[in-house]
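Beneath this line is the structure, given in structure tokens, with notes to follow.
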Amino acid sequence: MAENTKMEVEANVNETSPEEESQEKDEIMGEGVEGEDGSSDSEDSDADEAVVDPKIQQLELQVESNPYHYDSHVQLIKMLRESGDLDRVRNARESMSKIFPLTQELWSEWLKDEMPLACIPEQKENLISLFERAVKDYQSVQLWILYCQFMMDTMEGSDSLQGVRSIFEKAIIATGLHVTEGSSIWEGYREFETDILESLEQMVTEENRETMMEKISAQKERVLSVFKRQLAVPLLGMQATFREFEDWLECSVPDAVKIAYDKALAKLEDCLPFEDTLASAQPPKTTEYKSYLEYELKKGDPARIQCLYERAIKDNCLVGDMWTEYTSYLDSTLKITTVVIPVHERAVRNCPWVSLLWQNYIRALERTGQDNNKVKETLDTALGCGFSTSDDYLQLWHSYCDYMRRKTDDWTEDGQQVKELRETLKTATEYLQNYFGKDGDPTNLLDRYWARIEAFHIKNITECQRIWDNVILPNHGREAEIWLEYANVLRSVRDIKKCRKILQRAVQSASDNPEMVIQALLSFEREEGTLEDWDAAFSKCRVQLLRVNERRQKAAEKQVVREKAEQEAQEKRRIANAEKKAAKKAEQKKAKLELKKRKAVDQGVTGEKNQKSKPSDEDSGEPAAKKPHVDMEKIDSSTSQETTDEQTSTTTKRTHDSTKDPNTVFVSNLLFSVDEERLKDVFSPLGEVVEVRLVRNQSGKSKGYAYVEFKNQSSVEAGLSMDRTKLEGRPMFISPSVDKSTNPTQFKFPTSLNKKTLFVSNLPFDAKESDLEELFKGHGKINEIRLVTNRAGKPKGFGYVEYEQETGASSAILALDGSHVGGRQISVALSNPPARKPRQPGTEQQQPGKEQPGSRGRSRTQLQLIPRSLQKATSSVPGPSAKSSTAASEEKTEANGASQSSEPAKKGFTNEYFRNLMLKKN
400 MAENTKMEVE
410 ANVNETSPEE
420 ESQEKDEIMG
430 EGVEGEDGSS
440 DSEDSDADEA
450 VVDPKIQQLE
460 LQVESNPYHY
470 DSHVQLIKML
480 RESGDLDRVR
490 NARESMSKIF
500 PLTQELWSEW
510 LKDEMPLACI
520 PEQKENLISL
530 FERAVKDYQS
540 VQLWILYCQF
550 MMDTMEGSDS
560 LQGVRSIFEK
570 AIIATGLHVT
580 EGSSIWEGYR
590 EFETDILESL
600 EQMVTEENRE
610 TMMEKISAQK
620 ERVLSVFKRQ
630 LAVPLLGMQA
640 TFREFEDWLE
650 CSVPDAVKIA
660 YDKALAKLED
670 CLPFEDTLAS
680 AQPPKTTEYK
690 SYLEYELKKG
700 DPARIQCLYE
710 RAIKDNCLVG
720 DMWTEYTSYL
730 DSTLKITTVV
740 IPVHERAVRN
750 CPWVSLLWQN
760 YIRALERTGQ
770 DNNKVKETLD
780 TALGCGFSTS
790 DDYLQLWHSY
800 CDYMRRKTDD
810 WTEDGQQVKE
820 LRETLKTATE
830 YLQNYFGKDG
840 DPTNLLDRYW
850 ARIEAFHIKN
860 ITECQRIWDN
870 VILPNHGREA
880 EIWLEYANVL
890 RSVRDIKKCR
900 KILQRAVQSA
910 SDNPEMVIQA
920 LLSFEREEGT
930 LEDWDAAFSK
940 CRVQLLRVNE
950 RRQKAAEKQV
960 VREKAEQEAQ
970 EKRRIANAEK
980 KAAKKAEQKK
990 AKLELKKRKA
1000 VDQGVTGEKN
1010 QKSKPSDEDS
1020 GEPAAKKPHV
1030 DMEKIDSSTS
1040 QETTDEQTST
1050 TTKRTHDSTK
1060 DPNTVFVSNL
1070 LFSVDEERLK
1080 DVFSPLGEVV
1090 EVRLVRNQSG
1100 KSKGYAYVEF
1110 KNQSSVEAGL
1120 SMDRTKLEGR
1130 PMFISPSVDK
1140 STNPTQFKFP
1150 TSLNKKTLFV
1160 SNLPFDAKES
1170 DLEELFKGHG
1180 KINEIRLVTN
1190 RAGKPKGFGY
1200 VEYEQETGAS
1210 SAILALDGSH
1220 VGGRQISVAL
1230 SNPPARKPRQ
1240 PGTEQQQPGK
1250 EQPGSRGRSR
1260 TQLQLIPRSL
1270 QKATSSVPGP
1280 SAKSSTAASE
1290 EKTEANGASQ
1300 SSEPAKKGFT
1310 NEYFRNLMLK
1320 KN
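Just add 399 to wherever you are in the sequence shown, counting from 1, and you've got this note's numbering.
This is the structure in structure tokens:
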């Protein structure tokens, strides 16, 4: 760099001869004959004849059909760059730059591709304009360094020397306050001036000593000035710069420089904690930047605040809130047109879907006195950006109508400005109506705005009334607020007669808040009317109020009837379900009794067959075995006793006492090992505990939930505050004790799409809430993290992360979806649980076509009502051998006990087999 600068300074001092300059131009033009990549004309012609890559053609079609698809642009540029087709790469980059601001990497590639080709002045000027575009998209230190390096490499003459200095000055203004990277710009500037100083010192001769000493002295002042300015800015590495400054000086450091350096060093110490936090945080570092900005805003240095905003925008270019805060700060604090307007333009290019940015842009154009055509062009561009809701379009149109209203100076009804304003209002209302119907402006905001302009500015009361009567009231004729606004407009223009009529109509029509319009009419007559007017109004209001009360009473009676009918229906459903359960239990008991009887009979028959098959006692010489005796009366009595015991245990269940609910909390999700004494110890510090009712099953084991009754109702609030407090490693769920027959179960968390909450799945089972907080906190402020566990308190591998704002959730999805945690690839999406209905009391929630087990659970033996002959294992090949084996199997089964099931019949039986089976039975 030093050698280049030296040569350029020598060229400035010793002018080049015309012959040499002509020769240089010829050489440059000769070099320009070659292809862009150094190839010859024949090679270019061969390249033109090459076959176009089909992937490139496909990407070009995608970009043409959907120019707002960012990734398609990036892929197309990458493939064209690899193919070496510079013209097509340029066109692709230009097309993308018109729609999107390019990143630092994309600009760096583009500029590096163009720099070797800037051989002639025209190409150099084009590249300089390209550099200017690049540094405006984002404040990148790397791009500024590349820009300055290019200007130094192509410097020619004294004018070029001043041009390089001006570029360095622009770079310092843009990025010189960057705490971590700004020193590189300062050092480049200082090194440039130092190299010039060294070149001048080497050029001193006896003949030009006096002239050169003046130049050297002026150059030393420049270097000294750069040193002083750099040392007054808090930058990383400023201590080394100060030591270098001491070595460069021929005397001691001036006191003013030392004082400025000490202040900058103290400022750097204050900023380092924020810089360290930024360095260790994960992108996009939104929360960290906001904390840093709060600190700088309190200090109030506009230049440092703007520099920090630019750094934050570079990492959060798609966060609309960040752009909104930045532009609002510039509008309210700097108010410099050359600074404010470019930032607004960049904001709407980065986040065109944010309507508020376009609204602020229109206000900024008006604030800086821009041309009306520019404002109208901005509105047309914004309308084509595809906002997410109709309210975004409504607010945009409202902002533009405000601009047209403020622009109007002549309020003559037939004047050109009034006509333009009316045409704008008409276009706005028609646009919203055509695209969104009644949802475009549900409260008729623009129509009411138009009516007030007609009344207060144009003084056309007739047009104002037309808008209210024909447009607004047909949609909002039952809303008291709309009627009162209409009346206030007429009263403001002192049209008392029409105002009275509107209030009288409002009393008859407004149904959402009739008392409000009645009070407004009576107040109006007290202030504006005579005694007769007040009496007439009072009479009408009293009659109307009686009608309203009568309607309300009838509606209340209907509501009571509906509630009573609903309660009766619920009671009937409960009784019907209870009867079904009782009938089912009776059937189960009857089936058990029949089974026992059948077993007893089968055992008796089996005993007889066994006795027949054995030799007689006399022949064998052994004593005769006793036959099994079945006492049927004993079986019946034992079964009856069992039924009686179950019924007794059912009827002795404790009933719910709803009078204790205000003093009681419901505690669930308990470990089965937690007993009444443990719960009493936990809740006693909150107030005197009257009773702990732990719900148990028939065997006396805990079901995992209980009721804790306090003596005072004030203790209930303290108990509810302990919700999700862990007891023996498992969170307790604490809620008010309510009667579920009148208060159906409601879900604690939202069951619809929640844009602030993320559903995180496929987590490691050993993941903790602190791990999720560490992973997700870099994208916004977190309200709550919930890891879902089973009844034993073990994680299920998924959970929920709730942010304070939607931007944090959307940023986390883009950054973390598909990332790896603990060796597993997690999935991050917005929380959108499937629709569920609260369980209503008295209803059975069972799967269709699937019977629920009885009160004792599912029986161990599931009977198959299939004839025993079909249950025997048979050969798959029918025939005499199969028949003989079947008979042998039957005898063996009867000898071992007919009540036991044999192997299920195999599939694939033929008709011949079943015919033999039927012949055997006959």
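Here a beta-carbon is modelled for each residue, glycine too, at the ideal position from N, C-alpha and C.
By DSSP, does residue i sit in helix, in strand, or in coil?
i     : result
L1229 : strand
T1050 : For T1050, the predicted structure reports a pLDDT of 38, less than 50, and the residue's modelled location is therefore unreliable. A value from the coordinates is still provided. Helix, per DSSP.
K1271 : Annotation note: pLDDT 46 at K1271 (below 50); position unreliable, coordinate value reported separately. In this structure, K1271 counts as coil in the three-state DSSP scheme.
H875  : helix
L1126 : strand
Q1224 : strand
P1194 : strand
K1219 : One detail in the question is off: residue 1219 reads as His in this sequence, not Lys. Three-state result, H1219: strand.
D726  : According to the sequence provided, residue 726 is Thr. The question's Asp does not apply to it. Residue state, collapsed to three classes: helix.
W543  : helix
E448  : Note that E448 scores 41 on pLDDT, short of 50, meaning its location in the model is unreliable and no value can be drawn from it.
L717  : coil
A854  : helix
S690  : helix
Q681  : coil
E695  : helix
M803  : helix
A909  : coil
I519  : coil
R893  : coil
Which same chain residues end up closer than 6 angstroms to residue i when comparing Cβ atoms and leaving out the 5 residues on each side of it in sequence?
i     : result
E1205 : K1154 and K1155
S1209 : none
Q943  : V906
W393  : Only positions 400 to 1321 of the chain appear in the structure, and residue 393 is not among them; the question remains open.
M915  : A879
M551  : V563
The alpha helix (DSSP H) with residue i in it runs from where to where?
i     : result
R925  : P913 to E927
P1135 : Not the alpha helix (DSSP H): P1135 falls in the beta strand (DSSP E), residues F1132 to P1135.
R865  : I860 to I866
Y830  : Q815 to F835
M637  : M637 to W647
Y588  : G581 to Q601
T610  : R608 to L630
L634  : It is not in any alpha helix (DSSP H) - L634 carries neither H nor E in the DSSP assignment.
P741  : T736 to N749
Please report the residue range of the beta strand (DSSP E) in which residue i lies.
i     : result
N1153 : N1153 to S1160
E1090 : V1088 to R1095
Sort out for me which residues DSSP pairs residue i with in a bridge.
i     : result
V1200 : L1157 and I1184
T1063 : E1108
S1101 : R1095
In its own chain, which residues sit with a C-beta less than 8 angstroms from the C-beta of residue i, not counting the 5 before and 5 after it?
i     : result
K1110 : N1062, G1086, E1087, V1088 and V1089
N874  : K837 and N843
H468  : Q461 and V462
Hey, would you say residue i sits closer than 7 angstroms to residue j, going by beta carbons?
i     : j     : result
K1079 : V1066 : no
P500  : R748  : yes
I566  : G575  : no
G1207 : G1177 : no
A936  : L921  : yes
V1137 : F1175 : no
T823  : C800  : yes
P683  : N715  : yes
E1108 : K1059 : yes
Might you give, ordered along the chain, the residues of its own chain that have their beta carbon closer than 7 angstroms to the beta carbon of residue i, omitting 5 neighbours on each side?
i    : result
I860 : A854, V892 and D894
Q832 : G839
D932 : E924
L733 : P701 and V739
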